[in-house]
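Notes for the one structure printed next.
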Amino acid sequence: MIDPTLRRLLAITLLSLLAACGGGGDSKTGATQNPDISVVPPATTAPGDPATPGTKPGDTIPPPPLTTPPANQTATFTRAEASRFLGRATFGPDMAAIDALAASDSDAWFRAQFSKPQTLHRKYIDAKYPVAGAAATKAVPNDFYESFWQQAVRGDDQLRQRVAFALSEIFVVSTQNESVWTQTRGVASYYDMLGQHAFGNFRTLLQGVATHPMMGLYLSHLRNQKESATRTPDENFAREVMQLFTIGLYQLNADGSLKLSGGKPIDTYTRDDVGGLAKVFTGWSWAGPDQGANRFFGSVADPDRDWKPMQNYAAYHSTSEKRFLGVSAAGAAGGEADMALALDTLFNHPNAGPFFGRQLIQRLVTSNPSPAYVGRVAAAFANNGSGVRGDMQAVIRAVLLDPDALAPAGSSLRTGKLREPLVRLGNWMRAFHAKDAALQYRIYYLSDPLSGLGQNPMNAPSVFNYFRPSYVPPNSALATAGLVAPEMQITSEPSVTGYLNFMQDAIRGGVAENSAVQADYSAEVALADQPAALLDRVNLLLMSGNMSSRLRGKILAAVTSIAIPAASGSNAAQVTTAKTYRVHLAIFLAMASPEYLVQK
């Protein structure tokens, strides 16, 4: 479809254009690099929680109660506006979804999405390995990838799918950790937990994160023991739950701007706070019917310990006083009470709303939200209109319906974000109904930036995700302007070339093992002899109708250059081939353009 020389020219041109507004960068992340995120989770689990004992592998999770939105939080959409909204709130629109939203309004759409039940990824893993105990020991990450793509592409609960993915990039657990790599069903359960609490309350979400055994393995507070003469408690989770999950490094105003003292940022916590919190997170280990040493250390194992919430073992929990963030946990209160106090303190910290709100805005809408935008989302976090703090439904509505989010695409230089590779792939598959005959979606090998997309779900290189929220491409126009571009951290000449190669092959020949996942271009092929109409459709599906006249002219010229032979009765195959080539080229050139890659 595109010869190699032209493809490389496209890659260089694309990278240079992106660099003009962001630039590439080193994709390496380390555990001390990022001053951003934070979160925690303990206490009780709700009935039916995917991490709750008694939930059967085949169950779906019922939705939480609907919350009442503010009266002014309803929007109606044109078809182009509907496409733009769905491009943020889901893994991408198809034409039916665009038309349905354009005929309705945002409140009806949110109510429908919040009411949809959740299908468990753990259910998929258990079904693949039905022999008792097999799912916990034989499942591999590829099994989770199958379930991930099935739900991301075909799931009816698209808002949950998109928000859960965003949360997985904030509350990071990664299969690059050797201990987590062997726990595929546990990883699936962790993702389920994020999906369930996506529409609940942030405090309950923190509880689920803090007590999930996969987070315990990843940030090493599973089997964390109380202090002794020769041992201090592990501080990993205590540090990251503040820095990355809930309150961040520096004190914030309600609009997310830094509080200053003498012109310098004010730290949110001290070294002593980390030490105090570390003692809170001692004594937590695998779930089971007893609290003996063998179960704590893992030599005696419950068959479902990979997904059941961790339990506290009093013998290993610190009984000394624990001071952190201006509060004190009494020595004899117990592990559950200590964790509840810690998570309540983080949840009620004034940083929690603006810190988490900005992260969610970045993941769904724009990399550089205005202080006013962050402030409005933080206000929704603080009070959903009915006096409830941390209502995720209210926060999600505020993020997606903010005036800044709904303003025209070119209204501000702050508008937009680079689409991350996994979202681009999901966008293409949903727009053109890509599937395989068995609906298995065996899409495995995406991590290599040269042969794949440089990204896989739940496989980030560090707790800082694939990219840091505060990443600034060096020596770029964005750096000069004081703006950030998180996704540019995994953007380089090799990754751009890899993306172009991958998408050319996908668009033309399919993806997954044996290229089994194929797009359905029948509607596009029917328009191939009307290039302008074909581009209108591609523009609406992929670019929310925002393709510039300049780009449109270039793609139109390229598409028209593919001649469709006059039908003679004996050349039907040649006619169909030419039309199909036109469709492939139109989609590829659109998805290769900076106008598509920078989602506005």
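Numbering (our numbering), first residue to last: -7 to 592. No residue lacks a Cβ here, since even glycine has one placed at the ideal position from N, Cα and C.
Cα atoms of Ser454 and Leu335: separation of roughly 23 Å, rounded to the nearest angstrom.
By the neighbour-count criterion, in which 16 or more other beta carbons inside 10 Å mark a residue as buried, Ser166 falls on the buried side. In the structure shown, Tyr242 falls within a strand segment according to DSSP collapsed to helix, strand and coil. Residue state for Ala221 is assigned as coil, using DSSP reduced to three classes. Taking the CA atoms as reference points, Phe339 sits about 46 Å from Leu581.
Approximately 7 Å separates the beta-carbon atoms of Trp276 and Gly327; this is inside 8 Å, confirming the contact. At the C-beta level, Ala477 and Tyr458 stay beyond 8 Å of one another. If you draw a straight line from the Cα of Gly280 to the Cα of Pro342, it comes to about 36 Å. In the structure shown, the three-state DSSP call for Ser75 is helix.
A distance below 8 Å separates the beta carbons of Gln105 and Asp149. The Cβ atoms of Phe424 and Tyr513 sit closer than 8 Å to each other. Under a 10 Å Cβ-count criterion, Gly561 is classified as exposed, with fewer than 16 other Cβ atoms of the shown protein chains found around its own Cβ. Under DSSP, Trp276 forms a beta bridge with Asn304. Along the length of the region 82 to 117, whole alpha helix (DSSP H) runs at least 4 residues long occupy 87 to 94 and 98 to 106, reported in chain order. Excluding its 5 nearest sequence neighbours in each direction, Gly284 has C-beta neighbours in its own chain below 8 Å: Val292, listed in chain order.
Pairing Phe69 with Phe77 gives a Cβ-Cβ distance under 8 Å.
Counting other Cβ atoms within 10 Å of its Cβ, Pro441 reaches 16 or more and is therefore classed as buried.
Nearest neighbour of Asn506 by Cα position, chosen from Arg542, Glu485 and Arg434, turns out to be Arg434. The shortest C-alpha to C-alpha distance from Tyr365 to any of Gly248, Arg297 and Leu492 is the one to Gly248. Boundaries for Ala511: no alpha helix (DSSP H) harbours it, and the DSSP string shows neither H nor E there. Taking the C-beta atoms as reference points, Gln175 is found no nearer than 8 Å to Met207.
For Phe229, the enclosing alpha helix (DSSP H) stretches over residues Asn228 to Gln235. A distance below 7 Å between beta-carbons, with the five flanking residues on each side excluded, links Arg350 to the following residues of its chain, in chain order: Gly248, Pro361 and Val366. Per the C-alpha coordinates, the member of Lys218, Ser160, Glu227 and Val172 positioned closest to Val201 is Ser160. Taken through DSSP and simplified to helix, strand or coil, Val503 comes out as strand. Beta-bridge pairing by DSSP links Ser253 to Lys256. For Lys546, the three-state secondary structure derived from DSSP is helix. With respect to the 8 Å criterion, Val369 and Asp394 are classified as neighbours on the basis of their beta carbons. Taking Lys314 as reference, the option from Glu479, Asp330, Lys130 and Asp383 with the minimal CA-CA separation is Asp330. Note on Arg103: under 16 other CB atoms within 10 angstroms of its CB, so exposed under the neighbour-count rule.
Ala325: not part of any beta strand (DSSP E); DSSP gives it neither H nor E.
Pairing Gln354 with Phe191 gives a Cβ-Cβ distance that is not under 8 Å. Per DSSP, the unbroken alpha helix (DSSP H) holding Val387 starts and ends at Met384 to Leu393. Annotated as distal: Asp428 and Ala332, with beta-carbon spacing of 8 Å or more. Non-local beta-carbon contacts of Phe163 in its own chain, meaning distances under 7 Å to residues more than five positions away in sequence, involve Val31, Leu186, Val201 and Phe237 in chain order.
Arg406 carries a coil assignment under DSSP once its states are collapsed to helix, strand and coil.
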